[in-house]
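> For the record, in the sequence shown the residue sitting at position 7 is 383 according to my numbering, with numbers rising by one throughout.
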Amino acid sequence: MHDKSPSKSGLGLGCLPPEIQGMICSILCVRRERDHSCQRDEMLSRKALLALSQTSTTFRDIAQPLAYRMFDAVPNNYVKFVRTLVERPDLASHVKEIHEDTYEIGGWSDEDDFDFLKTVAVGLGMEDEQDPEFNSAVEDDLSPGQFSMEILLALVPNLEVLELCINAQGNYEETTFKHLQRRRNRVGPAAKLHHLRRLQIQPDWQDHWGVWFSTPAVGVLLHMAPNLEHLAIVRNKGFDYEADADIPAIFPNPPLSLRTIQLRNCALSDEWSKPFVERLIGFAPRLEHFYYSAQVVYIGEMLGLHFSPQEFVNCLRSRRKTLKTIDVDLEEHMVDSWAELVTGDVLAEFENLEVLKLDDHAFCRHYVNPNTNNRHIIASRATCLTDLVTQSIKELGIKIHERSHVWPDLAELAASSAQYPNLERVVVRAVFRMRSTVTRDVFKEENQQHLKKLRQDFSKTSIRFYVLEELNG
């Protein structure tokens, strides 16, 4: 039924003002909240919107674009989905977000479907004279999934958010996105995703090996996103040293307008970590926000081998004029020397820094050989925490484990709050770790002994004080 006229009873949905119909569609439209999966809700939302679009032409015009706005997974009926995007470029232009957490997407069930996809690929400029039948799209472990994703990305020119999986050379073939590269070489700027603002690259959720930033698909995607603002890489291992010479193929020139770099659950511990971070930072001359979290420490792993907090800060110094956020979480990795600690002297160079989040052992001098001759230096300076806080900081986040040395520092911070007029918020994350030397109950009791007094201390200041307990170690 595609009729704008009201029903005989005068109560049909089609008789509602367009503004009301738009509100109904908007309520049904699911919006993804940060990293929380809502695949089932998103599918139900699309089903409801498409059903609603059948009730009137007004609802069709409003609901159909909303139904195609966000996909929390590539639809299972992939060939039908591609056919719709090809036949309805108006709907393809409304696809804004794709969130995918597996390699194994798309594909085809028979030769007719594959012939259709090959025709689409040729129309998009993805063909190769040496492989006119696209045999490379079916011969390797991941090729059907790669080929399917490449076609999809070429059909949605207004995409704004993309989360997808790639694979480094390992158990499977390496993700190359060579068909997208051919299209870019052949079509030029029209092949780029000019509206893409956020890109998240990750391995398949079942893959625990992680990905190399030097995987060819990464460079293809970055060259396609000239206006990218937020780059997130999950379970990243840095550069594959063998690919170091191919850096120009990865980093576009001129650099992208990146504002945010987020490295989540990553493993940076070898000699290639520093050049990787330095090049990544150099890739973002307007960088404002830097987030890093180490992968969870596994049983038997050596601690203290990770890229140190001070090394991160040193790499970030080239962006000291633009950076507003530094958030580095090293999980349970510890530092071994004073040279690896973050200091207030260095942070003072970041004149626009507003948010600082660190582990306590990233800056606390008491963790590093407290019984050595360095004790007179500790005694002659402010507390480790107050020495760290600069005048520009508005939010301070500290992660602690058991037996933390930072509790007295927090009390001193509250007592000297007048010296930090811009500080608005202090957040303590008390994390019970897998390797904890105390029981969970002792850890909770230890925290409570300090928190009651600290809450009283901070209540007398203008600083909001929060504690988040994580007891699932």
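Just so you know, even glycine gets a beta-carbon here, dropped at the ideal spot from N, CA and C.
Source: prediction; values computed, not measured.
State yes or no: is the C-beta of Val731 within less than 7 Å of the C-beta of Thr701?
yes
> What is the rounded straight-line gap between the Cα of Phe834 and the Cα of Ile481?
52 Å
> For His781 versus Arg809, is the C-beta distance shorter than 7 Å?
no
> Straight-line CA distance for Leu786 to Thr762?
Approximately 8 Å between the Cα atoms of the pair.
> Under 8 Å, with one C-beta from each stretch per pair, do the segment 576 to 587 and the segment 507 to 514 reach the 3-pair mark?
The segment 576 to 587 vs the segment 507 to 514: no contact.
> Could you tell me the boundaries of the alpha helix (DSSP H) in which Ile637 lies?
Segment 636 to 642 is the beta strand (DSSP E) holding Ile637; no alpha helix (DSSP H) there.
> Does DSSP classify Gly564 as helix, strand or coil?
helix
> Given a cut-off of 7 Å on the beta-carbon distance, is the pair Ala660 and Leu634 in contact?
yes
> What is the DSSP secondary structure of Tyr454, reduced to helix, strand or coil?
Tyr454: helix per DSSP, three-state reduction.
> Among residues of its own chain, excluding the 5 on either side of Tyr444, which ones have a beta-carbon nearer than 6 Å to its beta-carbon?
Leu467, His470, Val471
> Sort out for me which residues DSSP pairs Thr701 with in a bridge.
DSSP lists His665, Val731 as partners of Thr701.
> Which one of Glu463, Arg574, Phe615, Leu827 has the shortest CA to CA distance from Pro602?
Per the Cα distances, Arg574.
> Name the DSSP bridge partner or partners of Ser612?
In the sequence as presented, Ser is not what sits at residue 612; that position holds Asn. DSSP output for Asn612 lists Val587 as bridge partner(s).
> Sort Leu692, Thr698, His475 by Cα distance to Lys650 and report the nearest one.
Leu692
> Could you tell me the boundaries of the beta strand (DSSP E) in which Ala806 lies?
801 to 807
> Glu799: which of Arg655, Phe490, Glu771, Arg811 sits nearest, CA to CA?
Reading the sequence as shown, one finds Leu at residue 799 and not Glu. Leu799 has its Cα closest to that of Glu771, out of Arg655, Phe490, Glu771, Arg811.
> Any idea if His752 is buried or exposed, counting beta-carbon neighbours within 10 angstroms, 16 or more meaning buried?
In this predicted model, His752 has a pLDDT of only 43, less than 50, meaning its place in the structure is not dependable; the value taken from the coordinates is given anyway. Around the beta carbon of His752, a 10 Å sphere encloses fewer than 16 other beta carbons of the protein chains shown; the residue is thus reported as exposed.
> Classify Ser485 as buried or exposed, calling it buried when 16 or more other Cβ atoms lie within 10 Å of its own Cβ.
exposed
> Does the beta-carbon distance from Leu531 to Leu572 come in below 7 Å?
no
> When you compare the CB positions of Leu500 and Arg436, do they come within less than 7 Å of one another, or not?
no
> What span of residues does the beta strand (DSSP E) with Val843 cover, start to end?
840 to 846
> Taking the alpha carbon of Arg611 as the point to measure from, which residue in Ala625, Val672, Arg562, Phe627 has its own alpha carbon closest?
Val672
> Is Leu706 helix, strand or coil when you go by DSSP?
In this structure, DSSP gives Leu706 a state outside helix and strand, which the three-state scheme calls coil.
> Of the residues Ser812, Val802, Asn848, Val807, which one's Cα is nearest the Cα of Arg840?
Val802
> Beta strand (DSSP E) containing Gly773: first to last residue?
That run of the beta strand (DSSP E) goes 771 to 776.
> Could you spell out where the beta strand (DSSP E) holding Glu473 opens and where it closes?
473 to 475
> Out of Ala791, Leu535, Asn823, which one is the CA nearest neighbour of Leu569?
Leu535
> Run through DSSP, which three-state label would Cys740 get?
coil
> Which residues does DSSP pair with Ala670 in a beta bridge?
Among the bridge pairs identified by DSSP, Ala670 is matched with Cys642.
> Going by other Cβ atoms of all chains shown within 10 Å of its Cβ, with 16 needed for buried, is Gly614 buried or exposed?
Buried, since its Cβ has 16 or more Cβ neighbours within 10 Å.
> According to DSSP, is Pro393 helix, strand or coil?
coil
> With the cut-off set at 7 Å, would you say Glu473 and Met446 are in Cβ contact?
yes
> So is Asp448 buried or exposed if we call it buried at 16+ other beta carbons inside 10 Å?
buried
> Starting from Glu550, trace the beta strand (DSSP E) in both directions and tell me its first and last residue.
It is not in any beta strand (DSSP E) - Glu550 carries neither H nor E in the DSSP assignment.
> Taking DSSP as the reference, what is the three-state secondary structure of His826?
helix
> Around the C-beta of Ser524, are 16 or more other C-beta atoms found within 10 angstroms, so that it is buried, or is it exposed?
buried
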